[in-house]
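For reference, the structure is listed below as structure tokens.
Residue numbers (our numbering): 8 to 338.
If you want it as structure tokens, here you go:
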């Protein structure tokens with residue numbers, strides 16, 4: 008996917024004010040609108056202009072795009088992935104931004120957006136188009152209207168889903184100042200994390216979205232839950248998988264072992280004799296809590312201690328002699 012320079016498309020500087028972007032868009036729209044333009048590629052150019060305007064005329068989208076652009080430029084300068092034209096945004100690049108639709112200055116067909124736009128802003132753009140159409144049919148904002156819902160991501164530890172928690176969330180955005188220049192803006196929210204939340208689930212904060220029109224209620228803020236990567240465990244739906252290292256003798260002859268689970272509790276489990284790497288022990292109902300809780304799967308991983316002292320080396324040599332025909336490379 009190729010990175011698109013929306014400032015170049017509109018022919019404006021990166022420091023352009025909202026008014027300058029508006030004027031540049033209108034000038035290009037008059038030049039390339041398919042109904043009046045005689046340019047052979049008018050439809051394609053108009054689609055590109057509409058797309059650039061959709062991003063740069065919206066404060067939140069423009070702030071997020073500017074951050075991506077800075078990262079992309081740095082990657083090209085360092086000979087990174089951006090330099091070969093195959094651009095991919097970093098994971099969770101939009102964490103902390105709350106996207107909502109801008110009014111735009113001429114709209115454009117959402118189906119004409121490029122792959123670059125659709126990957127970054129597609130769902131937000133379609134939501135904007137649907138709500139923008141509803142506002143247009145109301146006519147001159149003569150009635151009150153509810154504000155738009157906004158979206159952001161929140162990263163949590165898996166343990167938060169077991170106990171519930173309260174987190175402080177700082178959202179990055181932007182607004183136009185009195186002179187029309189874009190300036191960064193932050194807002195901080197206290198978010199209560201409900202017990203049993205799942206990855207991908209939406210936490211709805213009522214009234215924390217976009218402002219309403221003509222006295223209408225504010226929209227909601229929808230936070231998509233993302234669990235932080237952790238080498239100890241992972242969640243799949245409501246089930247949780249936990250790595251448990253065991254000694255070679257525990258794996259070979261079995262026996263009880265103590266395990267601390269993501270909930271913070273310690274349980275004793277019995278390792279079956281002859282357990283190999285990857286064997287799973289199921290603890291029913293100890294996954295993510297719910298009316299129907301998930302299960303906790305302990306994935307056994309034998310840990311091999313080193314032979315540091317003469318006594319330890321002798322012990323390993325004795326073990327080797329006890330298994331004269333053992334070849335681990337033969338299945």
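Think of the CB as a built atom: it goes at the ideal place given N, C-alpha and C, for glycine as much as any other residue.
With residue i as the anchor, note down where its alpha helix (DSSP H) starts and where it stops.
| i | result |
| --- | --- |
| residue 16 | 13 to 17 |
| residue 370 | For the chain, the structure presents residues 8 to 338; residue 370 sits outside this window and is missing. |
Tell me, to the nearest whole angstrom, how far the beta carbon of residue i is from that of residue j; I am working on the premise that it is less than 8 Å.
| i | j | result |
| --- | --- | --- |
| residue 223 | residue 155 | About 11 Å separates the two Cβ atoms, so there is no contact after all. |
| residue 176 | residue 269 | Actually they do not touch by this definition, with Cβ atoms about 22 Å apart. |
| residue 290 | residue 303 | 4 Å |
| residue 197 | residue 173 | 6 Å |
| residue 245 | residue 297 | 6 Å |
| residue 208 | residue 232 | 5 Å |
| residue 314 | residue 323 | 5 Å |
| residue 229 | residue 211 | 6 Å |
| residue 62 | residue 128 | 7 Å |
| residue 247 | residue 240 | 6 Å |
| residue 16 | residue 46 | About 15 Å; that fails the 8 Å criterion. |
| residue 242 | residue 178 | Going by Cβ atoms, the distance from residue 242 to residue 178 rounds to 25 Å, so no, they are not a contact pair. |
| residue 305 | residue 288 | 4 Å |
| residue 120 | residue 67 | Going by Cβ atoms, the distance from residue 120 to residue 67 rounds to 17 Å, so no, they are not a contact pair. |
Out of the options, state which residue places its alpha-carbon closest to the alpha-carbon of residue i.
| i | options | result |
| --- | --- | --- |
| residue 263 | 34, 271, 279 | 279 |
| residue 169 | 324, 293, 320 | 293 |
| residue 234 | 191, 276, 200 | 200 |
| residue 258 | 286, 32, 274 | 286 |
| residue 299 | 194, 192, 203 | 203 |
| residue 70 | 225, 265, 190 | 190 |
| residue 78 | 34, 236, 96 | 96 |
Counting only the same chain and skipping the five closest in sequence on each side, list residues whose C-beta sits under 6 Å from that of residue i.
| i | result |
| --- | --- |
| residue 310 | 252 |
| residue 49 | 39, 41 |
| residue 114 | Since pLDDT at residue 114 reaches only 37, below the 50 mark, its modelled position is unreliable, and the value read off the structure follows with that caveat. So no residue of the chain qualifies. |
| residue 267 | 273 |
| residue 72 | 62 |
Leaving out the 5 sequence neighbours to the left and right, which residues in its chain are closer than 7 Å to residue i when beta-carbon positions are compared?
| i | result |
| --- | --- |
| residue 27 | 19 |
| residue 22 | none |
| residue 140 | In this predicted model, residue 140 has a pLDDT of only 45, less than 50, meaning its place in the structure is not dependable; the value taken from the coordinates is given anyway. Contacts found: none. |
| residue 44 | 38 |
| residue 35 | 17, 56 |
Kindly list the residues whose CB is nearer than 8 Å to the CB of residue i, restricted to its own chain and excluding five residues on each side of it in sequence; keep chain order.
| i | result |
| --- | --- |
| residue 137 | Here the model assigns residue 137 a pLDDT of 45, short of 50, so the residue's position is not dependable, and the following value carries that caveat. Nothing meets the Cβ criterion. |
| residue 124 | 11, 58, 61, 62, 132 |
| residue 144 | Residue placement at residue 144 cannot be trusted, given a pLDDT of 43 that sits under 50; the coordinates are not used to answer. |
| residue 193 | 177, 178, 179, 180 |
Who does residue i pair with in a DSSP beta bridge?
| i | result |
| --- | --- |
| residue 246 | 243 |
| residue 175 | 197 |
| residue 304 | 248, 289 |
| residue 231 | 160, 209 |
| residue 263 | 277 |
| residue 339 | Outside the shown range of the chain, which is 8 to 338, sits residue 339, and nothing can be said about it. |
| residue 331 | BP columns for residue 331 are empty, so no partner. |
| residue 337 | Note: residue 337 sits in no beta bridge, so no partner. |
| residue 253 | 309 |
Taking residue i as part of the beta strand (DSSP E), name the residues at either end of that continuous run.
| i | result |
| --- | --- |
| residue 28 | Counting along the chain, residue 28 falls outside any beta strand (DSSP E), though it belongs to the alpha helix (DSSP H) covering 25 to 39. |
| residue 161 | 157 to 163 |
| residue 299 | Element bounds for residue 299: n/a, residue is neither H nor E. |
| residue 62 | From DSSP, residue 62 is part of no beta strand (DSSP E) but of the alpha helix (DSSP H) over 49 to 63. |
| residue 275 | 273 to 278 |
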